[in-house]
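Novice: In my numbering, the protein residues as written are 21 to 689. Quick reminder that beta carbons are idealized off the backbone N, C-alpha and C, glycines included.
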């Protein structure tokens, strides 16, 4: 079977061309040929199709074989070129071979043509195979280098994971590696906002970041699809795709093709890494796999960084709460508590201004009591009291967040807040035991989205502050009560002192004159008068005892009583009691005085022990209707006792008698 052969013949002679074709057919080739005889026709033929071999005359009237060789080598360096000429000499043939010709054959000896063609075709095939293999080796080498670079990049990401917990540094390494493997291509990174659950623009490269962040949609779009499906997504042309959200932005930035991969750590999608091209591009499997792997490694680093930042933030908040709690519990003065609270909030927490309003039960208003970084006088006088956001917080007993108090219709005194440059507001109730004491307010000077973690932290702070404020208020109330009580006691003491003095003075006069009349010092009296005067003396003594008891109780309450002990003869003490008690006896009772050790000496406060014993004897007389009252005194080894005994008591009073008639006082004789 003839071998197909595409032959370009550079020849000015048609007959010589036919001879060459005849010779090729004799050599089992089925030639497809074209004859050219000028530079222009040869250029056109080379552009039209690929030729297997070129056979060229050396000398032609309008075209030289050397020019044909030069043109072929410029266009197709591997295509065999053989001179077939009748005029070429030995020297010219050598020069032609050096110039790049593969062989030469004399027209008078065409028997060498077929072997030469076969040899050159074989060598051309060998060269092409060698070149193909070289290209394959080069491709494999480049692929190996790319793989090594990718492995190196992944290793560097791993190093970033273990060497730093700074999220910004991790993101910089990630974007740098993406730019290294996709030079100049725009790349963006969005992370999930844990409070809103939406995608927030974080970092980018090779794109106008300010404009990108300004227009980036938080939920719709290709990145959201990548996040929710947890799978990569390719879009060949984002400018024309029907699901495109930010079409004008893509056109303005010249972004065309899109590849997005999810950032997943421990099964949780953290964000989306997006790569763009500025021309339509079909991302290869290798490109998708590499970007996915890079995103997976970065996700681990981002996750660790976020955990570290959360831990550091929590630690910072705990320290801040501890410092604030330590400060506000160091005093019970309300003014000092409020000053320390606001001062420490200003030092430890990143808020522009703080305010405290406390509930006044008498006026039914939330009174402005303290503020920080706000004009105090203007704050106290601006707007009507008892309305606005603090009132809402107070009534709902729950935090209230307002993104912009300057425009919100519920805001209190928006003109004043605008003049202070305050924008966002968070109000938290000061609650103790389900009782709202007031409202703690936080302001920022730029619109701020208070996160759930912030609200929880500040709610905890508000609880601590509320306890300190409550303690201060309770302390102030107790101090006021103590002051009032002290004043009342002083008035009472003065009154009792004056009263007892004023009562005793006329009573002593009455008792003195009555005793003089009773004893006959002012003249003789009859028995009835004597009996009446005795009753007057008894009642006067009881009245005097009552006055003395009142005065003694006052002294006890004032804790001004002092015990002054001295050696006292027991018999003298009993005789003094006997002279006093027998005078006031107004019942049919018999006193039995039994002092078996009258000369014994005891160490007591004679006046006070006498008063105590008088009270006990009076109680015995009071609760004994008839019979006798025994008072005994004797020196014992360890105690001294006085015992009263009553007979003929009714059952109720008998139960009282042992307690009332018996007393023991331990003393050393």
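Where do the ends of the alpha helix (DSSP H) carrying residue 192 lie?
Specialist: Here the alpha helix (DSSP H) through residue 192 covers 187–201.
Novice: Rounded to whole angstroms, what is the Cα-Cα separation between residue 230 and residue 210?
Specialist: Their Cα atoms are separated by approximately 14 Å.
Novice: In the DSSP assignment, the beta strand (DSSP E) including residue 614 goes from what residue to what residue?
Specialist: That run of the beta strand (DSSP E) goes 609–615.
Novice: Alpha carbons only, please: which of 308, 28, 393 is nearest the one belonging to residue 371?
Specialist: Of the listed residues, the one whose Cα sits closest to residue 371 is 393.
Novice: Tell me whether residue 526 is buried or exposed, calling it buried when 16 or more other Cβ atoms sit within 10 Å of its Cβ.
Specialist: Residue 526 is exposed by the Cβ-count criterion.
Novice: Below 7 Å CB to CB, which residues in the same chain sit around residue 737 once its five sequence neighbours on both sides are set aside?
Specialist: Missing from the structure shown is residue 737; the chain here goes from 21 to 689 and no further.
Novice: What residue range does the alpha helix (DSSP H) around residue 306 cover?
Specialist: Taken as a continuous stretch (DSSP letters only), the alpha helix (DSSP H) holding residue 306 covers 305–348.
Novice: Which same chain residues end up closer than 7 Å to residue 191 when comparing Cβ atoms and leaving out the 5 residues on each side of it in sequence?
Specialist: Here the set comprises 209, 222, 223.
Novice: I need the boundaries of the alpha helix (DSSP H) containing residue 635, first residue and last residue.
Specialist: It spans 626–642 - the alpha helix (DSSP H) in which residue 635 sits, taken as one unbroken run.
Novice: Pull the bridge partners of residue 379 from the DSSP assignment, please.
Specialist: Paired residue(s): 386.
Novice: Within 10 Å of its beta-carbon, does residue 24 have 16 or more other beta-carbons around it, so buried, or fewer, so exposed?
Specialist: Residue 24 is exposed by the Cβ-count criterion.
Novice: May I have the straight-line CA-CA distance separating residue 106 from residue 145, to the nearest angstrom?
Specialist: Residue 106 and residue 145: Cα-Cα distance of roughly 28 Å.
Novice: Do the CB positions of residue 31 and residue 55 come within less than 8 Å of each other?
Specialist: It is a contact, given that the beta carbons lie within the stated cut-off.
Novice: Who are the Cβ neighbours of residue 113 in its own chain at under 8 Å, not counting the five residues just before and after it?
Specialist: Only 103, 124 meet the Cβ criterion.
Novice: Alpha carbon to alpha carbon, what distance is there between residue 650 and residue 570?
Specialist: If you take the alpha carbons of residue 570 and residue 650, they lie about 28 Å apart.
Novice: Given this structure, state the Cα-to-Cα distance separating residue 74 from residue 129, to the nearest angstrom.
Specialist: Cα-Cα distance, rounded: 18 Å.
Novice: In the DSSP assignment, find the unbroken alpha helix (DSSP H) run with residue 397 in it and report its ends.
Specialist: From DSSP, the alpha helix (DSSP H) with residue 397 extends over 396–401.
Novice: Taking residue 622 as the reference, give the member of 641, 613, 646, 586 with the closest Cα.
Specialist: Per the Cα distances, 586.
Novice: In the DSSP assignment, find the unbroken alpha helix (DSSP H) run with residue 108 in it and report its ends.
Specialist: Element bounds for residue 108: n/a, residue is neither H nor E.
Novice: Rounded to whole angstroms, what is the Cα-Cα separation between residue 170 and residue 226?
Specialist: Near 20 Å, if we compare the C-alpha coordinates of residue 226 and residue 170.
Novice: By DSSP, does residue 85 sit in helix, in strand, or in coil?
Specialist: Three-state DSSP puts residue 85 in a helix.
Novice: With 16 as the cutoff for other CB atoms within 10 Å, does residue 388 come out buried or exposed?
Specialist: Residue 388 is buried by the Cβ-count criterion.
Novice: Alpha carbon to alpha carbon, how far is residue 279 from residue 306? Give it in angstroms, no decimals.
Specialist: Residue 306 and residue 279: Cα-Cα distance of roughly 13 Å.
Novice: Secondary structure at residue 288, three-state DSSP: helix, strand or coil?
Specialist: Note: residue 288 maps to strand in three-state DSSP.
Novice: Three-state secondary structure (DSSP) at residue 470?
Specialist: Here residue 470 sits in coil by DSSP.
Novice: Please report the Cβ distance between residue 64 and residue 22, rounded to the nearest whole angstrom; I am assuming they are in contact, meaning their Cβ atoms lie under 8 Å.
Specialist: Between residue 22 and residue 64 the Cβ distance is about 27 Å, and since that is not below 8 Å, they are no contact.
Novice: Counting pairs of Cβ atoms below 8 Å between the region 427–437 and the region 450–457, do you hit three or more?
Specialist: At 8 Å Cβ cutoff, the stretches do not touch.
Novice: Could you give the C-beta distance for residue 276 and residue 248, rounded to a whole number, given that I count them as a contact under 8 Å?
Specialist: The pair is not a contact, with the Cβ atoms about 24 Å apart (cut-off 8 Å).
Novice: Could you give the distance in angstroms between the alpha-carbon of residue 396 and the alpha-carbon of residue 436?
Specialist: Approximately 11 Å between the Cα atoms of the pair.
Novice: Going along the chain, which residues of its own chain have a beta-carbon closer than 6 Å to the beta-carbon of residue 302, five neighbours each way excluded?
Specialist: Result list for residue 302: empty, nothing under 6 Å.
Novice: Would you mind listing the alpha helix (DSSP H) stretches within the region 107–146 that are 4+ residues and don't spill past its ends, in chain order?
Specialist: Listed in chain order, the complete alpha helix (DSSP H) runs (minimum 4 residues) inside the region 107–146 are 110–119.
Novice: At the level of alpha carbons, what is the spacing between residue 185 and residue 331?
Specialist: Going from the Cα of residue 185 to the Cα of residue 331 covers about 11 Å.
Novice: I need the straight-line Cα distance from residue 538 to residue 564, nearest angstrom please.
Specialist: Roughly 18 Å between the two C-alpha positions.
Novice: Can you give me the Cβ contacts of residue 81 inside the same chain, cut-off strictly under 8 Å, excluding the 5 residues immediately before and after it?
Specialist: Counting only Cβ-Cβ distances below 8 Å, and skipping sequence neighbours, we find 32.
Novice: Check whether the Cβ atoms of residue 289 and residue 233 sit closer than 8 Å, and answer yes or no.
Specialist: Contact flag unset, no.
Novice: Less than 7 Å between C-beta atoms, sequence neighbours within five positions excluded: which residues of the same chain meet that for residue 329?
Specialist: 187, listed in sequence order.
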